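Here is the structure we will look at.
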Amino acid sequence: MQSISAETTPESYRQYLTFEVGGENCGLLLSEVQEVVEYHPITRVPAAAPFVLGVFNLRGTVVPVLDLAGRLGLTARPVGLRSCFLVLREDARERASAVALLCDAVEQVRETAAEDLQEPPSLGTRIPPRLLTAVVNADGRILHLLDMSSLLQLTREGTPRKVAPEPPA
Amino acid sequence: MGPLLADSSAAAQYFCFAIGENQFATAFDHILMVLEPRALIPHPLRGAVLGSVTRGTTRVPVLDLAPALELPVSGAPAGLLVLRTRSPILEEIAIAIDRVDGIAENVRKVQRLPALAASRAACICGIVHVTDSLRLLLEPSRVVPLEEQQDLARWRADG
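Protein sequences, first through last, are from chains A and B.
Using numbering that gives the first Met the number 0, the letters of the first sequence map in sequence onto residues 0 to 168.
Using numbering that gives the first Met the number 0, the letters of the second sequence map in sequence onto residues 0 to 158.
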């Protein structure tokens, strides 16, 4: 695997929030995460976009929850005591509203040097490389750093809102 | 976050019910009556029309929302909810439901679903904050697409 040049990651060190999903070790830039919220029941939305599990109430705000495992092509694990929502920052990636990702467990905040980031391998990982920005060798395990733009793109494209005509007055 | 809805948010009370595992609410002034399943006169026209119920001299079509909501077709319903619509073509419809959850009076907010979580089902037009949970707002006027309302009205009139 080849190191990603410093041009793509200008800071020498970045902080990532690492977590487990579908048996894989994943990470997101800490600056993209607003908060981690304990799992609580979701209101399902029938006929919603692919990978949208439903919505939940975060202090009066309705937040969509994405099935991160499904979006990554992994098998979702049953909800457990360590399951939680990663609420992404509203202004990250030009999103108009908050979005939460369901993950199996949050691990730690990890500081990673730019030279440790490696290009996602085209083979050998269960997560499609197009959904990753980089991978890191983290204590003998592969840490998959997720590309939020790619992750949310297909979900957004899969939201063909069928607008019914207004009922006659 | 979507804006507060103008039409249904004005309602003081919401009727709460469930279809499958999905929790719904609709403005209480849409509710005409709740009937037992035995009131259904089966007369399947298409997949979504289960038959009709009689309300006074009016014949009201009964619909299964499962196809519109892309849910597996459920078994026998637990109740039939007769709803008033805002359509002059089809003023009343009934839907099959699986559970009545009661009336919510302490509704704090009604708003549109976030764009990312929008439903393709036109009848789901928002979200209702009921105490500590969220319920999908059902708009009765959108349950039957406008182009199908005429067909159903004709079927109802034909007896």
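Glycine residues also receive a C-beta, built at the ideal position from the N, C-alpha and C atoms.
Since the structure is predicted, the reported quantities are computational estimates derived from the model, not experimental observations.
List the residues of chain A that L68(B) touches, going by C-beta distances under 7 angstroms, in chain order.
-> P45, A46
Shorter than 8 angstroms from the beta carbon of S118(B) to some beta carbon of chain A?
-> yes
Tell me, to the nearest whole angstrom, how far the beta carbon of P113(B) is from that of P49(A); I am working on the premise that it is less than 8 angstroms.
-> In fact, because the Cβ distance is near 16 angstroms, the residues do not count as touching under 8 angstroms.
Using a Cβ-Cβ cut-off of 8 angstroms, state whether E104(B) counts as contacting chain A.
-> no
Find the residues of chain B that neighbour T124(A), judging by a C-beta separation of less than 7 angstroms, and give them in chain order.
-> Chain B residues near T124(A): none, gap ~26 angstroms exceeds 7 angstroms.
Would you check if there are 3 or more beta carbon pairs closer than 8 angstroms linking the segment 107 to 121 of chain A to the segment 11 to 20 of chain A?
-> yes
Could you tell me the distance, in whole angstroms, from the CA atom of L130(A) to the CA atom of G50(B)?
-> 48 angstroms
I think D97(B) touches A17(B), with their Cβ atoms under 8 angstroms apart; what is that distance to the nearest whole Å?
-> 5 angstroms
Going by other Cβ atoms of all chains shown within 10 Å of its Cβ, with 16 needed for buried, is E138(B) buried or exposed?
-> buried
Starting from I165(B), find everything on chain A with Cβ-Cβ shorter than 8 angstroms and list it in chain order.
-> Coverage of chain B is limited to positions 0 through 158, which leaves residue 165(B) absent and any answer about it impossible.
Closer than 8 angstroms at the beta carbon, the chain B residues around S96(A) = M0, P113, A114, L115
Nearest to H128(B) by CA position, among R76(A), L57(A), L85(A), is which residue?
-> L57(A)
Shorter than 8 angstroms from the beta carbon of L133(B) to some beta carbon of chain A?
-> yes
Could you list which residues in chain A have their beta carbon closer than 8 angstroms to that of I123(B), in chain order?
-> V44, P45, A46
Just to confirm, are T167(B) and S118(B) a CB contact at a threshold of 8 angstroms?
-> Nothing can be reported for residue 167(B): it is not among the residues displayed for chain B, which extend from 0 to 158.
For L115(B), which option in V51(A), C102(A), L122(A) has the closest C-alpha, if you only look at C-alpha atoms?
-> V51(A)
Give the straight-line distance between the Cα atoms of C122(B) and P40(A), rounded to the nearest whole angstrom.
-> 23 angstroms
Neighbouring residues, chain A, relative to Q149(B) (Cβ below 9 angstroms) | Residues of chain A passing the Cβ test: none, with the nearest at roughly 11 angstroms.
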